[in-house]
Amino acid sequence: MTNRGSGTSATPVGRRSGYLPSLDGWRALAILWVILAHDQLSLPLYWRQLLNETGDRGVSLFFALSGMLICGRLLREESEAGFISLKGFYLRRLFRIQPAALTYLGFVAVLTLLHLIPAYWNGLLGSVLMIRNLWPGMQGYEYWFTSHFWSLSVEEHFYLLLPAFLVVVRRGRLAILTILVVFLQVWRLIVFRHPSLTSITWQPFLRTDIAIDVIVLGSITALALNKPRVQAFAVRWLHPSIALLLTAAIYWRLQVHHSTYDRIPLILTYPLLLVSTVLHPGSIITRLLEWPPLRYVGRISFSLYLWQQIFFVPVNPPGPGDWRSHHLLCWSAAFACAILSYHFIETPMIRIGHRIAMRYTRAPSEAERPEPEAS
Numbered sequence: 001m002t003n004r005g006s007g008t009s010a011t012p013v014g015r016r017s018g019y020l021p022s023l024d025g026w027r028a029l030a031i032l033w034v035i036l037a038h039d040q041l042s043l044p045l046y047w048r049q050l051l052n053e054t055g056d057r058g059v060s061l062f063f064a065l066s067g068m069l070i071c072g073r074l075l076r077e078e079s080e081a082g083f084i085s086l087k088g089f090y091l092r093r094l095f096r097i098q099p100a101a102l103t104y105l106g107f108v109a110v111l112t113l114l115h116l117i118p119a120y121w122n123g124l125l126g127s128v129l130m131i132r133n134l135w136p137g138m139q140g141y142e143y144w145f146t147s148h149f150w151s152l153s154v155e156e157h158f159y160l161l162l163p164a165f166l167v168v169v170r171r172g173r174l175a176i177l178t179i180l181v182v183f184l185q186v187w188r189l190i191v192f193r194h195p196s197l198t199s200i201t202w203q204p205f206l207r208t209d210i211a212i213d214v215i216v217l218g219s220i221t222a223l224a225l226n227k228p229r230v231q232a233f234a235v236r237w238l239h240p241s242i243a244l245l246l247t248a249a250i251y252w253r254l255q256v257h258h259s260t261y262d263r264i265p266l267i268l269t270y271p272l273l274l275v276s277t278v279l280h281p282g283s284i285i286t287r288l289l290e291w292p293p294l295r296y297v298g299r300i301s302f303s304l305y306l307w308q309q310i311f312f313v314p315v316n317p318p319g320p321g322d323w324r325s326h327h328l329l330c331w332s333a334a335f336a337c338a339i340l341s342y343h344f345i346e347t348p349m350i351r352i353g354h355r356i357a358m359r360y361t362r363a364p365s366e367a368e369r370p371e372p373e374a375s
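Following this line, the structure appears as structure tokens:
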């Protein structure tokens with residue numbers, strides 16, 4: 001059990017530990033970061049430009065969360081049941097992702113048929129097949145309404161690979177994934193230095209081989225924390241205040257000195273922040289992330305990520321006289337759709353998926369708890 005009074009956790013992320021503190025709060029910050037980057041009206045010009053340049057950091061935080069949670073829950077299932085049920089896992093993911101995603105895509109299709117938004121059927125098809133990040137057409141008004149499915153596509157590809165890897169590879173998992181992350185960084189440098197490799201798709205930085213490194217790093221984090229010595233070291237030395245100072249120092253350096261190697265220290269900040277608050281539930285920072293309204297935003301973050309795309313379109317903003325009412329309407333509508341989606345689509349379908357998946361898992365674990373993971 002998590003000991004909130006001591007401010008530390010005695011249980012690895014990969015084992016039964018109940019609710020992991022602060023992660024819903026991090027989800028909330030990630031989705032708000034994404035929405036603010038899409039919203040062209042809420043902030044002064046300087047902050048808009050800054051968010052436009054860094055909006056992908058919110059998605060990267062989602063990626064790190066997803067990798068750490070999914071790998072941790074698979075490790076917990078393996079520890080409790082003695083094996084990982086691939087069928088059970090894929091059933092859970094199917095009911096977790098597809099109902100809400102297909103509902104949104106169906107709504108986009110209806111708007112297209114009614115000629116309320118430009119037609120881009122290839123984008124809808126790529127989103128249904130979860131290959132939107134490999135599909136031409138990511139910029140422009142007509143592409144916008146399904147373009148955010150690029151990140152869901154990357155995650156779906158990760159979900160196909162990680163469970164099979166854990167089933168097949170029983171030893172040296174941490175070392176293999178660490179080598180993979182290093183290779184991905186080298187590959188990324190090679191790709192962006194050779195134009196012939198970036199022309200494979202219209203947006204090469206959205207390709208799975210380029211974007212999946214943060215999710216793999218989250219999985220490495222879960223594997224490392226499954227080792228008592230590593231977790232004890234993190235509990236002792238990685239306090240949230242230290243993680244924040246390290247993150248601030250890295251961001252400051254990136255602001256004053258840019259290089260082709262910026263991504264390497266940048267992606268390390270995500271697991272540092274997540275681990276520091278999970279292992280120190282009594283810290284002030286963790287308690288702030290546990291603020292109930294923030295936690296609720298985190299819980300609806302998947303639906304909010306889906307539906308915000310309809311309302312925050314970065315072209316043709318309203319005139320100066322009506323931007324305030326337009327701005328309020330967009331935020332209200334996005335949250336209203338997300339709340340409806342979460343309570344009437346996500347949660348019921350997650351429960352159904354977990355009940356079906358439990359037939360294939362001998363020992364029901366925390367992984368079967370009908371609580372949405374990062375997406």
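Counting from 1, one number per residue, gives the positions in the sequence shown under full-length UniProt numbering.
Just so you know, even glycine gets a beta-carbon here, dropped at the ideal spot from N, CA and C.
Between the region 145-157 and the region 128-136 there are three or more C-beta pairs closer than 8 angstroms, enough to call the two in contact. Just so you know, the alpha carbons of Q185 and D213 end up roughly 8 angstroms apart. Residue range 121-128 is occupied by the alpha helix (DSSP H) that includes W121.
Here DSSP, grouped into helix, strand and coil, assigns W33 to helix.
In this structure S283 is buried. Its beta-carbon is surrounded by 16 or more other beta-carbon atoms within 10 angstroms. It is roughly 5 angstroms from the alpha-carbon of F95 to the alpha-carbon of G353.
According to the DSSP assignment, Q203 belongs to no alpha helix (DSSP H), since it is labelled neither H nor E. Shown here, P314 sits in coil according to DSSP, grouped into three states, outside any helix or strand. Going by beta carbons, I285 and L266 fall outside the 9 angstroms limit. Here L306 really is in contact with S341; their C-beta atoms are around 7 angstroms apart, less than 8 angstroms. In this structure, the beta-carbon distance from F312 to D39 falls below 9 angstroms. According to the DSSP assignment, P240 belongs to the alpha helix (DSSP H) that extends over 240-256.
In the three-state DSSP reduction, P195 falls in the helix class (H, G or I). Burial of Q308 is indicated by the presence of at least 16 other C-beta atoms within 10 angstroms of its C-beta.
Taken atom to atom, the span from the alpha-carbon of P99 to that of W187 is near 35 angstroms. Between the region 324-344 and the region 189-208, the count of C-beta pairs closer than 8 angstroms stays below three; the two stretches do not touch. Following the DSSP letters along the chain, one finds I70 inside the alpha helix (DSSP H) bounded by residues 56-81. Here E156 carries a helix assignment [DSSP, helix/strand/coil]. Beta-carbon to beta-carbon, H157 and T221 are separated by about 19 angstroms, too far to satisfy the 8 angstroms threshold. DSSP, reduced to helix, strand and coil, places G353 within a helical segment of the structure shown.
For F107, the CB contacts under 8 angstroms within the same chain, skipping 5 residues up- and downstream, are I310 in chain order.
DSSP places V169 in the coil class of the three-state scheme, outside both helix and strand. Judged by their CB atoms, L273 and D262 are not nearer to each other than the 9 angstroms cut-off. Here DSSP, grouped into helix, strand and coil, assigns G106 to helix.
In the structure shown, E142 falls within a helical segment according to DSSP collapsed to helix, strand and coil. Annotation for I215: the continuous alpha helix (DSSP H) segment containing it runs 213-225.
Excluding sequence positions up to five before and after K87, its CB lies within less than 7 angstroms of the CB of Y360, all in the same chain and listed in chain order.
In this chain, the alpha helix (DSSP H) harbouring P292 covers 292-299.
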